[in-house]
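Undergrad: Residue numbers (the working numbering): 1 to 450. Dumping the structure here so I can ask a few things about it.
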Ligand code: NAP
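Here it is in structure tokens:
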């Protein structure tokens with residue numbers, strides 16, 4: 001504490017007699033771990049910040065649950081807690097939009113720094129919250145909102161602030177990665193693996209937000225906003241989930257040296273000089289085939305990873321635990337120490353940067369490679385008819401693979417880059433062909449050099 005006392009003397013405000021006060025909203029999976037670390041490592045945190053950082057209170061819904069905390073620290077009155085005079089930093093870990101949105105705003109308006117892990121809220125309301133932070137010159141930190149323990153927001157916001165980011169591609173949802181990894185490994189069906197994931201606690205009772213890609217889309221919006229200095233909300237993100245992925249999709253992917261991953265892709269799109277070289281941002285979440293040698297193909301189970309491509313830094317990869325109480329709390333605590341240091345030394349977190357205001361590229365204009373799986377009649381002329389439909393719609397074929405089946409034949413067509421809209425027209429036309437029994441699946445192919 002000697003160093004703390006010296007610092008206090010230097011700073012004149014904070015110190016042993018005037019600790020930095022913290023309020024935590026929510027004491028569930030993440031909040032419990034934040035409270036534990038804050039209390040167990042109080043001395044280390046004090047030395048890292050320069051002044052003691054103390055827990056002033058925790059708000060919850062149910063005061064009846066045993067939380068191992070003195071009763072006077074618990075409250076159901078979040079509003080009163082966030083505006084208390086002895087609270088300097090508010091950590092929001094209750095989740096959801098309301099009342100989290102109003103509470104964060106209230107805290108920021110009162111000049112408190114705010115740390116949140118709430119991706120659903122940030123994906124749609126960062127603008128409003130960042131404006132409130134700006135007005136009262138308070139900090140808003142959200143490292144834990146994307147990819148849990150993995151430091152990816154701070155590298156994008158700070159370390160790469162002198163570079164130009166062109167692409168951010170990530171596996172940012174642990175539940176879907178667990179399911180797809182298990183399907184690839186065991187050959188099991190989607191529904192069986194989802195049931196197992198629920199039993200093991202990797203999937204929630206209602207898995208919609210994860211399996212339909214909403215959670216990944218929220219994170220993609222946050223990543224894209226920061227990477228491209230453009231406000232991107234969840235409504236700007238094209239989204240498909242994994243609930244239609246079959247064991248056969250994984251099998252055909254393996255047969256062409258690929259695996260299937262739910263990817264969040266944030267891309268700077270630059271038109272050619274003949275189109276005026278205009279820039280836009282493409283943000284999309286969907287399951288895609290990636291070659292087994294791609295760095296994201298090795299990310300299995302519930303792990304997350306984010307690959308960032310920047311003009312000068314080149315390719316960077318961030319990997320680790322994307323969820324869970326302690327891993328997520330680690331990221332929250334990093335933000336808390338930063339916010340406390342800013343209080344102590346008088347610094348500020350970087351504010352929202354949306355100066356570029358790039359337009360969002362519609363998914364129909366986004367070129368991707370496709371892997372089209374067709375069930376066809378096993379007779380001559382089928383290949384010609386199928387290839388003809390691709391050519392008619394301007395979709396160039398890279399490879400075709402044919403496999404015989406009792407009930408007919410399977411054709412797997414891999415295209416070169418094609419517009420989503422051209423591919424959709426091709427698929428509609430293929431479905432009308434007499435020789436095509438069904439279009440079994442259409443998956444995008446990402447991460448190839450072509
Ligand atoms: P959780 O386990 O459901 O806990 C939520 C906590 O908030 C509970 O303690 C609950 O109180 C409290 N709460 C909810 N509504 C409240 C209200 N209106 N007033 C007062 N307290 C209220 O949630 P979590 O998993 O810790 O997640 C918290 C946040 O972190 C979310 O935004 C989530 O998206 C984000 N996050 C979570 C993870 C993860 O691995 N869990 C990872 C990254 C980010 P009771 O205990 O009384 O019910």
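Every residue, glycine too, gets a C-beta built ideally from N, C-alpha and C. Values in this document were obtained by computation on a predicted structure and should not be read as measured data.
With distance defined between alpha-carbon atoms, name the residue in 86, 127, 76 nearest to residue 101.
TA: Counted from its first residue, the chain shown places residue 101 at position 101. Nearest of 86, 127, 76 to residue 101, Cα basis: 127.
Undergrad: What residues are listed by DSSP as bridge partners for residue 190?
TA: For the purposes of this step, residue 190 is identified with residue 190 of the chain shown, where counting begins at 1. Paired residue(s): none; residue 190 is not in a bridge.
Undergrad: Going straight from the alpha carbon of residue 444 to that of residue 198, what length do you get?
TA: Taking the first residue of the chain shown as position 1, residue 444 is located at position 444. Taking the first residue of the chain shown as position 1, residue 198 is located at position 198. Cα to Cα, residue 444 sits roughly 27 angstroms from residue 198.
Undergrad: On the premise that residue 239 lies in contact with residue 172, defined as a C-beta separation below 8 angstroms, what is that separation, rounded to the nearest angstrom?
TA: In the chain shown, the residue the question calls residue 172 occupies position 172. In the chain shown, the residue the question calls residue 239 occupies position 239. Actually they are not in contact, since the Cβ atoms of residue 172 and residue 239 sit about 13 angstroms apart, beyond 8 angstroms.
Undergrad: How long is the line joining the alpha carbons of residue 1 and residue 356, rounded to whole angstroms?
TA: Reading the chain shown from its first residue, position 1 is the one you call residue 1. Reading the chain shown from its first residue, position 356 is the one you call residue 356. In this prediction, residue 1 scores a pLDDT of 46, lower than 50, which makes its location untrustworthy; the coordinate-derived value is nonetheless stated afterwards. Rounded to the nearest angstrom, the two C-alpha atoms are 46 angstroms apart.
Undergrad: How big is the Cα-Cα spacing for residue 207 and residue 167?
TA: Taking the chain shown and counting its residues from 1, one reaches residue 207 at position 207. Taking the chain shown and counting its residues from 1, one reaches residue 167 at position 167. Looking at the two C-alpha atoms, the distance is approximately 28 angstroms.
Undergrad: Taking residue 215 and residue 224 to be in contact with their CB atoms under 8 angstroms, please state how far apart those CB atoms are, rounded to whole angstroms.
TA: As a working note, residue 215 is residue 215 in the chain shown. As a working note, residue 224 is residue 224 in the chain shown. So it is not a contact: roughly 15 angstroms between Cβ atoms.
Undergrad: Consult DSSP for residue 242 and reduce its assignment to one of helix, strand or coil.
TA: One-based indexing of the chain shown puts residue 242 at position 242. Residue state, collapsed to three classes: coil.
Undergrad: Quick check: the region 51-62 against the region 18-34, are there 3 or more CB pairs under 8 angstroms?
TA: The region 51-62, when compared against the region 18-34, does touch it at the 8 angstroms Cβ threshold.
Undergrad: Could you tell me if the beta carbon of residue 99 falls within a distance shorter than 7 angstroms of some heavy atom in ligand 1?
TA: In the chain shown, residue 99 corresponds to position 99, counting from 1. Answer for residue 99: yes, Cβ within range of ligand 1.
Undergrad: Should residue 97 be labelled buried (16 or more other beta-carbon atoms within 10 Å of its own) or exposed?
TA: Here residue 97 refers to the residue found at position 97 of the chain shown. It is exposed - the Cβ of residue 97 has fewer than 16 other Cβ atoms within 10 Å.
Undergrad: Tell me the rounded alpha-carbon separation between residue 280 and residue 73.
TA: The sequence position of residue 280 within the chain shown is 280, counting from 1. The sequence position of residue 73 within the chain shown is 73, counting from 1. Cα to Cα, residue 280 sits roughly 49 angstroms from residue 73.
Undergrad: Hey, is residue 30 close to ligand 1, as in C-beta under 7 angstroms from one of its heavy atoms?
TA: If you number the chain shown from 1, residue 30 lands on position 30. Indeed, a heavy atom of ligand 1 lies less than 7 angstroms from the Cβ.
Undergrad: According to DSSP, residue 367 sits in a beta bridge with which residue or residues?
TA: On the chain shown, residue 367 is found 367 positions in, with the first residue counted as 1. Bridge partners of residue 367: 419.
Undergrad: Pull up the CB-CB distance for residue 361 and residue 299, whole angstroms please, since I reckon it's below 8 angstroms.
TA: Position 361 of the chain shown, counted from the start, is the residue given in the question as residue 361. Position 299 of the chain shown, counted from the start, is the residue given in the question as residue 299. Contact flag wrong, Cβ pair sits at about 26 angstroms.
Undergrad: Distance check for residue 308 and residue 5, CA to CA, integer angstroms please.
TA: Residue 5 sits at position 5 when you count from the first residue of the chain shown. Residue 308 sits at position 308 when you count from the first residue of the chain shown. With a pLDDT of 47 at residue 5, under the threshold of 50, the modelled position of that residue is not reliable, and no figure is offered here.
Undergrad: Once you ignore the five residues that flank residue 213 on each side, which residues in its own chain have a CB closer than 8 angstroms to its CB?
TA: Position 213 of the chain shown, counted from the first residue, corresponds to residue 213. If we look at residue 213 and ignore the five residues flanking it on each side, its Cβ neighbours are 173, 176, 239, 240, 241, 242, 262, 285, 286.
Undergrad: Using CA atoms only, rank isn't needed, just tell me which of 302, 338, 344 is closest to residue 327.
TA: Sequence index remark: in the chain shown, residue 327 carries index 327 (1-based). Here the closest residue by C-alpha is 302.
Undergrad: Please state whether the Cβ-Cβ distance between residue 119 and residue 89 is less than 8 angstroms.
TA: For the purposes of this step, residue 119 is taken as residue 119 along the chain shown, with counting starting at 1. For the purposes of this step, residue 89 is taken as residue 89 along the chain shown, with counting starting at 1. No, these two residues do not count as a Cβ contact at 8 angstroms.
Undergrad: Apart from the five residues on each side of it in sequence, which residues of its chain come closer than 8 angstroms, Cβ to Cβ, to residue 516?
TA: What the structure shows of the chain is the stretch from 1 to 450, and residue 516 is not part of that stretch, so it cannot be assessed.
Undergrad: Since I believe residue 373 is in contact with residue 435 (beta carbons under 8 angstroms), could you give me their beta-carbon distance rounded to a whole number of angstroms?
TA: Counted from its first residue, the chain shown places residue 435 at position 435. Counted from its first residue, the chain shown places residue 373 at position 373. Between residue 373 and residue 435 the Cβ distance is about 15 angstroms, and since that is not below 8 angstroms, they are no contact.
Undergrad: Given this structure, state the Cα-to-Cα distance separating residue 244 from residue 92, to the nearest angstrom.
TA: Working through the chain shown from its first residue, we reach residue 244 at position 244. Working through the chain shown from its first residue, we reach residue 92 at position 92. When rounded, the distance between both Cα atoms is 35 angstroms.
Undergrad: Among the candidates 407, 409, 427, 408, whose CA atom is the shortest distance from the CA of residue 415?
TA: As a working mapping, residue 415 is identified with position 415 in the chain shown. Comparing Cα-Cα distances from residue 415 to each of 407, 409, 427, 408, the minimum goes to 427.
Undergrad: State the Cα-Cα distance for the pair residue 182 and residue 276, rounded to the nearest angstrom.
TA: As a working mapping, residue 182 is identified with position 182 in the chain shown. As a working mapping, residue 276 is identified with position 276 in the chain shown. About 46 angstroms.
Undergrad: Sort out for me which residues DSSP pairs residue 397 with in a bridge.
TA: Your numbering for residue 397 matches position 397 in the chain shown. The partner list for residue 397 (beta bridge, DSSP) reads 415.
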